[in-house]
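Undergrad: Okay, handing you the structure first.
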Amino acid sequence: MLGKTAGGLFWLFRYLERAENMTRLVETGFRIALTRPDGADDEWRSVLKTAAVDKLYRARYGDVVQDSAIDFLLRDPANGSSVLSAFSSARQNARLTRTALSREVWEAINDAYMTLRDELSQPVSIKNLPETLASIRQHSALVRGAMHGTMLRTDIFDFCRLGTFLERADNTARILDVKYYVLLPSMNQVGSSLDNVQWETILRAVASHRSYRWLTGGNIGAKGIADFLIFDTRMPRSLRFSVKKIAANLDYLEENYGQRHACHDLIDILLARLKHGTIEDVFEEGLHEFLTDFLRDMAALGAQIEQDYSFLG
Amino acid sequence: MNDNSRFFDEMTGGETQMRFPYASYASWFDGEDQEELRRKSQDAESFFRRTGITFNVYGEDAADERLIPFDIVPRIISGREWSKLTRGIEQRVRAINAFLYDIYHRQEILRAGRVPRELIDRNEAFLPQMIGVTPPGGVYTHIVGTDLVRTGEDEFFVLEDNARTPSGVSYMLENRETMLQMFPELFSRVKVRPVQNYPTDLRRSLAACAPQTGTGTCTVAVLTPGIHNSAYFEHAFLADQMGVELVEGHDLRVKDGRIAMRTTEGYKPIDVIYRRVDDDFLDPLNFNPDSMLGVPGIMDIYRAGGITIANAPGTGISDDKAIYSYMPDIVEFYTGEKAILQNVPTHRCSEPEALKYVLDNLSELVVKEVHGSGGYGMLVGPAASKQELADFRAKLETRPSNYIAQPTLALSTCPILTEGGLAPRHVDLRPFALMSPEKITLTPGGLTRVALKEGSLVVNSSQGGGTKDTWVLEE
Chain A
1 MLGKTAGGLF WLFRYLERAE NMTRLVETGF RIALTRPDGA DDEWRSVLKT AAVDKLYRAR
61 YGDVVQDSAI DFLLRDPANG SSVLSAFSSA RQNARLTRTA LSREVWEAIN DAYMTLRDEL
121 SQPVSIKNLP ETLASIRQHS ALVRGAMHGT MLRTDIFDFC RLGTFLERAD NTARILDVKY
181 YVLLPSMNQV GSSLDNVQWE TILRAVASHR SYRWLTGGNI GAKGIADFLI FDTRMPRSLR
241 FSVKKIAANL DYLEENYGQR HACHDLIDIL LARLKHGTIE DVFEEGLHEF LTDFLRDMAA
301 LGAQIEQDYS FLG
Chain B
1 MNDNSRFFDE MTGGETQMRF PYASYASWFD GEDQEELRRK SQDAESFFRR TGITFNVYGE
61 DAADERLIPF DIVPRIISGR EWSKLTRGIE QRVRAINAFL YDIYHRQEIL RAGRVPRELI
121 DRNEAFLPQM IGVTPPGGVY THIVGTDLVR TGEDEFFVLE DNARTPSGVS YMLENRETML
181 QMFPELFSRV KVRPVQNYPT DLRRSLAACA PQTGTGTCTV AVLTPGIHNS AYFEHAFLAD
241 QMGVELVEGH DLRVKDGRIA MRTTEGYKPI DVIYRRVDDD FLDPLNFNPD SMLGVPGIMD
301 IYRAGGITIA NAPGTGISDD KAIYSYMPDI VEFYTGEKAI LQNVPTHRCS EPEALKYVLD
361 NLSELVVKEV HGSGGYGMLV GPAASKQELA DFRAKLETRP SNYIAQPTLA LSTCPILTEG
421 GLAPRHVDLR PFALMSPEKI TLTPGGLTRV ALKEGSLVVN SSQGGGTKDT WVLEE
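In order, the protein sequences belong to chains A and B.
All residue numbers for the first sequence refer to this note's numbering, where the first residue is 1 and numbers rise by one.
All residue numbers for the second sequence refer to this note's numbering, where the first residue is 1 and numbers rise by one.
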C-alpha cells in the first residue's frame, strides 16, 4: 500500500472519531445546561478545553456563551475540530484514499458529509439540536457499519483502526485531564451534588453513564470512575482498551509485513504500563501527571507510526 | 437553427417510423408512465452525487464539485453500425501509432512530402526528447478516445482523435451502472453489449506493454495530478476498478534504475504508469522545471527502457488540429488503405487561400485553435454574435497558423427527456480503444455527449453538455 494512502486512512478515521467525540461533548454540555443551569457556562468552558480549542474560541468570540460555543463546536470552519470541519477533512481524506475504501464506505462518508453540510449550513437552534446531534451520530454509525461489514481485514483496515483508537485514547485522556481535580480522592466530598454532576458529565462524555451503572451496581465514586476510564478492559473508550487495540493492529501489520519498527516497541511499553498498573499507583504518581505523560506518549506514538509507515515523503 | 428536419435524428431518421435500433426501446418507452420516468431522472442525480461522480470546474472554487447532467434516454447503435466504426477506429489508431513512430524516427512521411515538415518542426507538441526512442512494445497510443459525429444514416466523421489522455471513460461505465440500477427490466428486453470489461481490458492491455524487467509480475499505477484536478474522480475510479495504486508525483522517485512508489513497506518498483498528467509536467528535469506533479528523472528511466508511460510522451502531436487535416493521407500512407472513417473537411488558415475563404465565410464555419481542446477558444460561426465574429476575424488575421476552420456539421440528434416529453438534441460519440502490441480492443459503447440546450451544437461538459448511456446492440 502507498504510504500516502496509509496516512490518508489513518487521518480519515481520526477525523471521524473526532467528529463523534465532538458531538458527544456538545451533547454533554447541552444536557448539563438543561438540568443544572447554574453550572452550564463552566461546563462549556471545560468542553472547549477538552477539545483543545478554548484559546481559539476566546480569540473569536470572547466570553463563553452557550449559543456561540455550540456553533463553534458544530460548524465553525475556523475551528478545524468542529464537527463539520472534521467531516470535511474526513471526506477529503476519503477522496484521497478512494481506491482503498469499499464503495459502501465511500458512499457512507460522502453521504454523511453532504447531509451534514446541509444540516449545518445554518446555526442550529436549541429546538433542533437533539435531532441534529442524532443525525450526526447516525451517520457516523453508518460509516462504521459499512466499514466493518464490507472492508477486507488487510493492512488497509489496520491503518483505519489505528486512527480510530489513537484519537479515542487521546480524547478520553483529555476528558479525564480537564476534570482530574474532581476525581482526586483528597477533594472527594462524597455525596455532594456538585461531584455527582461532574461525575455524570464525565461518564456522559464517553457515552458510559449507563454502562457504568450496570457494571458497578450504581456505586458512583471518583476512584471508580477513574479506574473505569483508564483500566477497564470492557469499556471500549478506556485508555487500556484503546491502547490494546492499537497494539493489536500494529501486531497485525508486523505479522503481515514481516517488519518490526520503533512504534512496536513504544506500544509494548505503553500497553505493559496499563496492564500492570493500578488506580492506586496512578493516584500516588498524580492523576494529572499520569495523564500528561499518557498524552505525550500517544503523540509520540502517532509521530512514530507516521514515520515507520512512510505516511509522508 | 431550430429546423430539425435539417438534422438526422437517430431515433426516427426524420421519418415517422422508428429506426430499427430504437424499435424495442421505443415500445418500452411508450408503455412507461412519463411522470414516473421524470422522477427517476431526478433520482439519477442523487445517485451520481452519492457515488461522487463529480468534476471540478477550472477557474471556480476548488471546493465546488459539479455533476455532468445525465439523460436517461440511451443512445443506441446497431451491431452493424458498430462493426463499421470498429474497423474505422482500429485502422485510424494503427495509422496514428505508425505515424508517431515514424516522425520520432526516420520521418519517411515528411521525406515523401505527404505532411509538411514545418508542421512538425515548429510544433510545441513535438518532443525532441522522444527522437530515436522506441516505447516498450512499440506502442505510443495505449488509450485513444476518438470523437465521432454523425450526419446521416451512413455518415460518420472523426472530429478529433484524442490520442493524448482522453477522459470520460468513467462516465461510460457509471452511466451504464446507473441505467442498470434504474431500469433493470429494460436490459432484459433489449440485448445490449456490456461495457463493464473495460477496466480489466485496460489493465491487461497496459500490462502487455510493460518493459522487459524480468520480474514476472507487472505493477501498474495511475498517475494523477491530484485531488484538485477536474478529472480526479475518474483517475481514482479507474485505479480502483483496475485494482492498482493511484499515485501522485511525490509518491514516486527513481530508485535503482526504476521508478518506485513509496509504500508502507518501503519503495516498490512500477512497470507501467498510466499517467493523467500532461507531457509538460511529467518530469521537471526534462520538461517544465516548475512542475510539482511529475517525477524528476522519469524520462531518463523511460529512455533506458525501465518504465512504460501510457500514453507515450510526445503523442500529443497527433492531436494537433493542423495534423488532423492530413489524417486521410496519414492513414493511406501507413496502411495502404483508404480511410474508412471520414475526416471533416478542414481549412488550414496558415494557407493564404484557405484563410481568405475562411474570412469570407466566417459566419458559416467553426473555427478552432490548433492546440485547443474542451471547446475553449473556438468560434461557432452560425451561433456567434457580430461582435464575436469581428473579434475572431482580428485573431485570425493576427495569427492565422494558430487556427483551422471546418464547415458547421449537421450533427445528428438523439431524443432527451424534457418536461414536454422526448425532444431531439445534438450528440457526439467518444468510443475508447485500447492498444497493446498484440491487438486493439474497442469497448462496445462509449461516451455520448449531448448538447442539452435546444439547437446548441456544443456538447462539452464545460459548456452545458450532458451525457447519455451508449448502447451497442448484440447482432
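Even for Gly, the Cβ is constructed at its ideal location relative to N, Cα and C.
The structure displayed is predicted, hence computed values, not measured ones.
Classify B:VAL57 as helix, strand or coil using the three-state DSSP reduction.
TA: Indexing the second sequence from 1 puts residue 57 of chain B at position 57. The predicted model places B:VAL57 with a pLDDT of 48, which falls under 50 and marks its position as unreliable; any figure quoted below should be read in that light. Note: B:VAL57 maps to coil in three-state DSSP.
Undergrad: Short of 7 Å Cβ to Cβ, which residues in the segment 169-182 of chain B face chain E?
TA: Within the model displayed, chain E is absent; protein chains A and B are what it includes.
Undergrad: Would you mind giving the Cβ-Cβ distance between B:ALA125 and B:HIS371, rounded to the nearest angstrom? I have them listed as a contact below 8 Å.
TA: Locating residue 125 of chain B in the second sequence gives position 125, counting from the first residue. Locating residue 371 of chain B in the second sequence gives position 371, counting from the first residue. So it is a contact: roughly 7 Å between Cβ atoms.
Undergrad: Can you check DSSP and say which residues form a bridge with B:PHE70?
TA: If you number the second sequence from 1, residue 70 of chain B lands on position 70. Looking at the DSSP assignment, B:PHE70 forms a beta bridge with B:THR467.
Undergrad: Roughly how many angstroms lie between the CA atoms of A:LEU312 and A:ILE156, to the nearest whole one?
TA: As a working mapping, residue 312 of chain A is identified with position 312 in the first sequence. As a working mapping, residue 156 of chain A is identified with position 156 in the first sequence. Taking the straight line joining both Cα atoms gives about 17 Å.
Undergrad: Buried or exposed for B:ASP161, please, with buried defined as at least 16 other CB atoms from any protein chain shown within 10 angstroms of its CB.
TA: Stepping through the second sequence from its first residue, residue 161 of chain B is reached at position 161. Counting Cβ neighbours within 10 Å, B:ASP161 comes out buried, since at least 16 surround it.
Undergrad: Select from A:VAL182, A:VAL105, A:LEU116 the residue whose C-alpha is nearest the C-alpha of A:MET151.
TA: Taking the first sequence and counting its residues from 1, one reaches residue 151 of chain A at position 151. Closest by alpha carbon: A:VAL105.
Undergrad: For the 8 Å Cβ check, are there 3 or more pairs between the segment 30-40 of chain A and the segment 5-18 of chain A?
TA: Verdict: no, contact absent.
Undergrad: Within its chain, find whatever has a CB closer than 7 Å to the CB of A:TYR252; leave out the 5 residues flanking it on each side and keep chain order.
TA: The count along the first sequence starts at 1 and reaches residue 252 of chain A at position 252. Around A:TYR252: ASP158.
Undergrad: Applying the criterion that 16 or more other CB atoms from any shown protein chain within 10 Å of the CB defines a buried residue, is B:GLU234 buried or exposed?
TA: In the second sequence, counting from the first residue as 1, residue 234 of chain B sits at position 234. Flag for B:GLU234 reads buried.
Undergrad: Which of helix, strand or coil does DSSP assign to B:GLU155?
TA: Walking along the second sequence from the start, residue 155 of chain B turns up at place 155. Of the three classes helix, strand and coil, the one that applies to B:GLU155 here is strand, per DSSP.
Undergrad: Work out the CA separation of A:LEU229 and A:HIS264 for me, nearest whole Å.
TA: As a first step, residue 264 of chain A must be located in the first sequence, where it is residue number 264. As a first step, residue 229 of chain A must be located in the first sequence, where it is residue number 229. So the alpha carbons of these two residues sit roughly 24 Å apart.
Undergrad: Would a C-beta distance cut-off of 8 Å place A:ALA226 and A:LEU183 closer than the cut-off?
TA: Walking along the first sequence from the start, residue 226 of chain A turns up at place 226. Walking along the first sequence from the start, residue 183 of chain A turns up at place 183. Against a cut-off of 8 Å, the Cβ pair of A:LEU183 and A:ALA226 comes out as a contact.
Undergrad: Which class does B:THR448 belong to by DSSP, given the choice of helix, strand or coil?
TA: Sequence index remark: in the second sequence, residue 448 of chain B carries index 448 (1-based). It is a strand residue.
Undergrad: Are any of the Cβ atoms in chain B nearer than 8 Å to that of A:ASP293?
TA: Within the first sequence, the letter at position 293 stands for residue 293 of chain A. So, not an interface residue.
Undergrad: Counting only C-beta atoms, is A:GLN259 closer than 8 Å to chain B at any point?
TA: Counting from 1 along the first sequence, the entry for residue 259 of chain A is found at position 259. Yes, A:GLN259 counts as interfacial toward chain B.
Undergrad: For A:TYR181, count the other beta carbons within 10 Å of its own beta carbon; 16 or more makes it buried, fewer makes it exposed. Which is it?
TA: For this step, residue 181 of chain A is matched to residue 181 along the first sequence. Exposed.
Undergrad: Please go through the same chain and pick out, in chain order, the residues whose beta-carbon is closer than 8 Å to the beta-carbon of B:GLU543, but skip the five residues on each side of it.
TA: Chain B is shown only over 1 to 475; residue 543 of chain B falls outside these bounds and no answer can be derived.
Undergrad: May I ask you to report which of helix, strand or coil DSSP gives B:ALA231?
TA: As a working mapping, residue 231 of chain B is identified with position 231 in the second sequence. It is coil, neither helix nor strand.
Undergrad: Tell me which same chain residues have a C-beta within less than 7 Å of the C-beta of A:VAL53, skipping the five on either side of it?
TA: Indexing the first sequence from 1 puts residue 53 of chain A at position 53. So the list reads ASN79, SER81, once near-sequence residues are dropped.
Undergrad: Below 7 Å between beta carbons is the criterion; list the residues of the segment 1-23 of chain A that meet it against any residue of chain B, in chain order.
TA: Residues passing the 7 Å Cβ filter: MET1, LEU2, GLY3, LYS4, ALA6.
Undergrad: Residues in the segment 406-429 of chain B with C-beta within 7 Å of chain A's C-beta atoms, listed in sequence order?
TA: Taking 7 Å as the Cβ-Cβ cut-off against chain A, none of the residues of the segment 406-429 of chain B qualify.
Undergrad: Could you spell out the range, first to last residue, of the beta strand (DSSP E) harbouring B:VAL272?
TA: Within the second sequence, residue 272 of chain B is the residue found at index 272, counting from 1. Start and end: 272-275.
Undergrad: Between B:LYS10 and the rest of its own chain, which residues show a CB-CB distance below 6 Å, the 5 nearest in sequence each way excluded?
TA: Stepping through the second sequence from its first residue, residue 10 of chain B is reached at position 10. A small correction: the amino acid at residue 10 of chain B is Glu; Lys does not occupy that position in the sequence shown. Counting only Cβ-Cβ distances below 6 Å, and skipping sequence neighbours, we find SER412, CYS414.
Undergrad: Note down, in chain order, every chain B residue with its Cβ under 8 Å from the Cβ of A:LEU96.
TA: Numbered from 1 along the first sequence, position 96 holds the residue referred to as residue 96 of chain A. ILE227, listed in chain order.
Undergrad: Residues in its own chain within less than 6 Å of A:LYS245 by CB, not counting five upstream and five downstream?
TA: Position 245 of the first sequence holds residue 245 of chain A. Excluding positions up to five away in sequence, the list reads PHE165.
Undergrad: Going straight from the alpha carbon of B:PRO289 to that of B:VAL295, what length do you get?
TA: Indexing the second sequence from 1 puts residue 289 of chain B at position 289. Indexing the second sequence from 1 puts residue 295 of chain B at position 295. Distance between the alpha carbons of B:PRO289 and B:VAL295: 11 Å.
Undergrad: Applying a beta-carbon distance threshold of less than 7 Å, which residues of chain A neighbour B:HIS250?
TA: For the purposes of this step, residue 250 of chain B is taken as residue 250 along the second sequence, with counting starting at 1. Those are GLY313, listed as they occur along chain A.
Undergrad: According to DSSP, is B:MET261 helix, strand or coil?
TA: Here residue 261 of chain B refers to the residue found at position 261 when the second sequence is read from its first residue. B:MET261 falls in the strand class under three-state DSSP.
Undergrad: In angstroms with no decimal places, state the Cα-to-Cα distance between B:MET435 and B:GLN91.
TA: Taking the second sequence and counting its residues from 1, the one referred to as residue 435 of chain B is at position 435. Taking the second sequence and counting its residues from 1, the one referred to as residue 91 of chain B is at position 91. Each residue's alpha carbon lies about 12 Å from the other.
Undergrad: Show which residues of chain B have a CB atom less than 8 Å away from the CB atom of A:MET114.
TA: For the purposes of this step, residue 114 of chain A is taken as residue 114 along the first sequence, with counting starting at 1. The answer, in chain order, is ARG49, ARG50.
Undergrad: Any contact between the segment 400-408 of chain B and the segment 128-146 of chain B? By contact I mean 3 or more CB pairs, one from each, below 8 Å.
TA: Cβ pair count under 8 Å is below three, so no.
Undergrad: So which residues of chain A does B:ILE283 contact, with C-beta pairs closer than 7 Å?
TA: Within the second sequence, the letter at position 283 stands for residue 283 of chain B. Sequence check: residue 283 of chain B is Asp here, not Ile. Within 7 Å Cβ-Cβ: nothing; B:ASP283 doesn't reach chain A, min ~17 Å.
Undergrad: Taking the C-alpha atoms as reference points, what is the distance between A:ILE279 and A:ALA173?
TA: Within the first sequence, the letter at position 279 stands for residue 279 of chain A. Within the first sequence, the letter at position 173 stands for residue 173 of chain A. If you take the alpha carbons of A:ILE279 and A:ALA173, they lie about 14 Å apart.
Undergrad: Answer yes if the segment 235-248 of chain B comes into contact with the segment 73-90 of chain B, meaning at least three C-beta pairs across the two stretches below 8 Å, and no otherwise.
TA: Counting Cβ pairs under 8 Å, fewer than three are found: no touch.
Undergrad: Per DSSP, what kind of secondary structure is A:ASN128 in: helix, strand or coil?
TA: Locating residue 128 of chain A in the first sequence gives position 128, where the first residue counts as 1. Correct three-state label for A:ASN128: coil.
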